[in-house]
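Asker: Structure incoming, see below.
In this note's numbering, the protein residues as written are 5 to 481.
Here's what the structure looks like:
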C-alpha cells in the first residue's frame, strides 16, 4: 500500500474528468479525489433582471433554464457544506455570484451558514451585490487569506479577519457583452468602497497583495508600500495621484498592474532607473484611447526608458489603443531585448499592419514565450499575409501553452480554434476575442478545444486556469 501523500501527488497530475472516476474506486482514492475536485466551489444566485445581466443574454428561456440548473446545484452544494463537516473542510476557494432579484433572505442566510462551516477556507471571491456581502461578512471564516470583493463592507463587519495576505476592495472592470468592443469597461463605478474602511482593513492585516482603485492610492502608508509584493491599480476617473511615492518606497514590489483610464501625464513618473522597483518581474499598463500624436511624442519615450533595463521582467502586458504602428513596433523592439519574458500581451493599435510590419513583429517575439496575447487590426483581405509570418514563428516556440488573439480591426479573428490547435498542437488554452477554449492534452483521442461558458469567462478566477501566467495574461483582457 502506497502512502496517501503519494496517491495525492499522482492524482494532482490527472485531468478533472479522470479524477471523477476515482470517486468510485475505493474509500482512500475517493478521499484523495474529493480534496482535489472540491477544493474550489462556485455558488450561483441568479434570477430575474440580474440573471439576464450575469448571463449576457436577452433570451428568457436560456436565463430560466440556466438559473434553475445553477441554483439547484448551488443549493445542493450549500446544503452538503452545512451538513457534512468532512466535505466542508476540503474547500479552500469559494466563489459567490450574487445576481438575483427579490428579498434574498433564504440565499444570504444559507450562505452565512455555509461560510461558517468551512474552517479551512483560504480564498473568497464575491461577485455582485444581490445578496450583498453586507449580509454575510460576519460569517467569513478567520482562516481566509485572500479576499476579493465587489465592494468592501464596513470595516467593523470583517474586523475578525486579521490574517489577510491579499485583498481586492473593488471589481470595477468586467468583459463587455459585445466581443468586438475594444475598450476597458467599468461596470460598478459607484462601488468604490469607503477609503476609511479600506485603510482600516489594510492596516490591521499583513497585506502583501492589493487591488485598489486609484482614489485609494494616496492613502497607502509608507509601511504598507514597503511590504507590498503585488499591486493592481484600477483607474476609473483619469486620476492617478501618489505613484511617485509608491515607486520610491515599494522596494519589495514584484508585480504592478495599472489598468483603466490612465492619463498620459502618468508616464512621466515611470522610473527609468532599475534601482527603483528593483524586484519588479511583472508589469502591466492597460489604458484607454488617446490622441495618437500624444502617445507617440510623450508616452512612448517614457515607457521605453522604463522598460529598457528591466532585465528581471518575466511578464509584460502593454495595451495602448490608438498607438501609431511605428511607435508600437518601437516598443516591440525594446521588449525583444528583455531576456526573461515568458508571458507577453501586446496591443498593436488600429493602424493597418502591413506585410513587413507583420514579419518584423514575428521576428522580435522571443521563443521563450509560454503565454502570448496579441491584439491586431485584423482585415480579411490581408489575413494570410499578416498571420502566416506570425504563425510560422510561433510554431518554433516549444513551450507556448496559451495563445490569445483579439481583433482590434473591422473583422473578427478569422481562425477556428480547432485549426489553431492543429497548427500549434502544444496549446492548452486558446483565446479568440473574449472567448476561451481549454485543451485536454492528456486525452487519449484527438484533443478538441472546449468552449468556456460566457459567465465563466466574465467571472474567472485563478483556480480556473492551469497556470499563473495564463490567469495573469487574461485577467484584464
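Positions of the beta carbon are idealized from the N, C-alpha and C atoms, including for glycine.
1. Roughly how many angstroms separate the alpha carbons of residue 159 and residue 201, rounded to a whole number?
2. Tell me whether residue 279 sits in a helix, a strand or coil according to DSSP, three-state version.
3. Within the same chain, show all residues whose beta-carbon is closer than 6 Å to that of residue 503, passing over the 5 residues directly before and after it, in chain order.
4. Across which residues does DSSP place residue 286 in a beta bridge pair?
5. At what residues does the beta strand (DSSP E) containing residue 523 begin and finish?
6. Between residue 194 and the rest of its own chain, which residues show a CB-CB distance below 6 Å, the 5 nearest in sequence each way excluded?
7. What did DSSP end up calling residue 46 once you bin it into helix, strand or coil?
8. Just reading off the alpha helix (DSSP H) that residue 132 is part of, what are its end residues?
9. Is the separation between the beta-carbon of residue 453 and that of residue 421 shorter than 8 Å?
10. Round the Cβ separation of residue 378 and residue 409 to the nearest angstrom and send it over; I've been treating them as touching at under 8 Å.
11. Answer yes or no: do residue 240 and residue 176 have a C-beta to C-beta separation smaller than 8 Å?
12. Using a 10 Å radius around the Cβ and a threshold of 16 neighbouring Cβ atoms, would you call residue 168 buried or exposed?
13. Please return the same chain residues whose Cβ sits closer than 8 Å to the Cβ of residue 121, not counting the five positions on each side in sequence.
14. Any idea what DSSP makes of residue 112, helix, strand or coil?
15. How about residue 100 and residue 115: do their beta carbons lie closer than 8 Å?
16. Where residue 319 and residue 346 are concerned, what is the direct C-alpha to C-alpha distance, given to the nearest angstrom?
17. The alpha helix (DSSP H) with residue 80 in it runs from where to where?
18. Taking its Cβ as the centre, do 16 or more other Cβ atoms sit within 10 Å of residue 28, making it buried, or is it exposed?
19. If contacts are defined as beta-carbon pairs under 8 Å, then residue 108 and residue 133 qualify, I think. What distance do you get, rounded to the angstrom?
20. Roughly how many angstroms lie between the CA atoms of residue 383 and residue 173, to the nearest whole one?
21. Round the Cβ separation of residue 333 and residue 310 to the nearest angstrom and send it over; I've been treating them as touching at under 8 Å.
22. Which same chain residues, not among the five before or five after residue 341, have their C-beta less than 8 Å away from its C-beta?
23. Leaving out the 5 sequence neighbours to the left and right, which residues in its chain are closer than 6 Å to residue 46 when beta-carbon positions are compared?
24. I need the straight-line Cα distance from residue 234 to residue 317, nearest angstrom please.
25. In whole angstroms, what separates the C-alpha of residue 185 from that of residue 135?
26. Taking the beta carbon of residue 403 as the centre, do at least 16 other beta carbons fall within 10 Å, making it buried, or is it exposed?
27. Per DSSP, what kind of secondary structure is residue 140 in: helix, strand or coil?
28. Excluding the 5 residues preceding and the 5 following residue 170 in the sequence, name in chain order all residues of the same chain whose CB lies nearer than 6 Å to its CB.
29. Would residue 446 and residue 44 be called neighbours here (beta carbons separated by less than 8 Å)?
30. Under the three-state reduction of DSSP, which class applies to residue 464: helix, strand or coil?
31. Pull up the distance between the alpha-carbon of residue 280 and that of residue 257, whole angstroms please.
32. For residue 216, list the residues DSSP reports as bridge partners.
33. Let me confirm a value: residue 51 is counted as buried when at least 16 other C-beta atoms fall within 10 Å, else exposed. Which label applies?
34. My guess is that residue 236 and residue 215 are in contact by the Cβ rule of under 8 Å, so how many angstroms apart are they, rounded?
35. On the DSSP bridge assignment, give the partners of residue 330 in chain order.
36. From this set, 270, 205, 119, which residue's C-alpha is nearest residue 303's C-alpha?
Answerer: So, to answer that:
1. 5 Å
2. coil
3. The chain is shown only over 5 to 481; residue 503 falls outside these bounds and no answer can be derived.
4. 259, 319
5. In the structure as shown, the chain starts at 5 and stops at 481, and residue 523 therefore has no counterpart that could be examined.
6. Caution is warranted here: a pLDDT of 48 is assigned to residue 194, below 50, making its placement in the model unreliable, and the coordinate value is therefore given only provisionally. Answer for residue 194: no residue qualifies.
7. strand
8. Residue 132 -> not in any alpha helix (DSSP H); beta strand (DSSP E) instead, spanning 127-134.
9. yes
10. 6 Å
11. yes
12. buried
13. 85, 86, 89, 92
14. helix
15. yes
16. 6 Å
17. 64-87
18. Legend: pLDDT at residue 28 = 47, less than 50; position of this residue unreliable, no value from coordinates given.
19. Residue 108 to residue 133, Cβ: 10 Å. No contact.
20. 40 Å
21. With 8 Å as the limit, residue 333 and residue 310 do not qualify as a contact, their Cβ atoms being about 18 Å apart.
22. 312
23. 99
24. 14 Å
25. 30 Å
26. exposed
27. coil
28. 150, 213
29. no
30. coil
31. 10 Å
32. 237
33. buried
34. 4 Å
35. Beta-bridge pairing links residue 330 to no other residue.
36. 270
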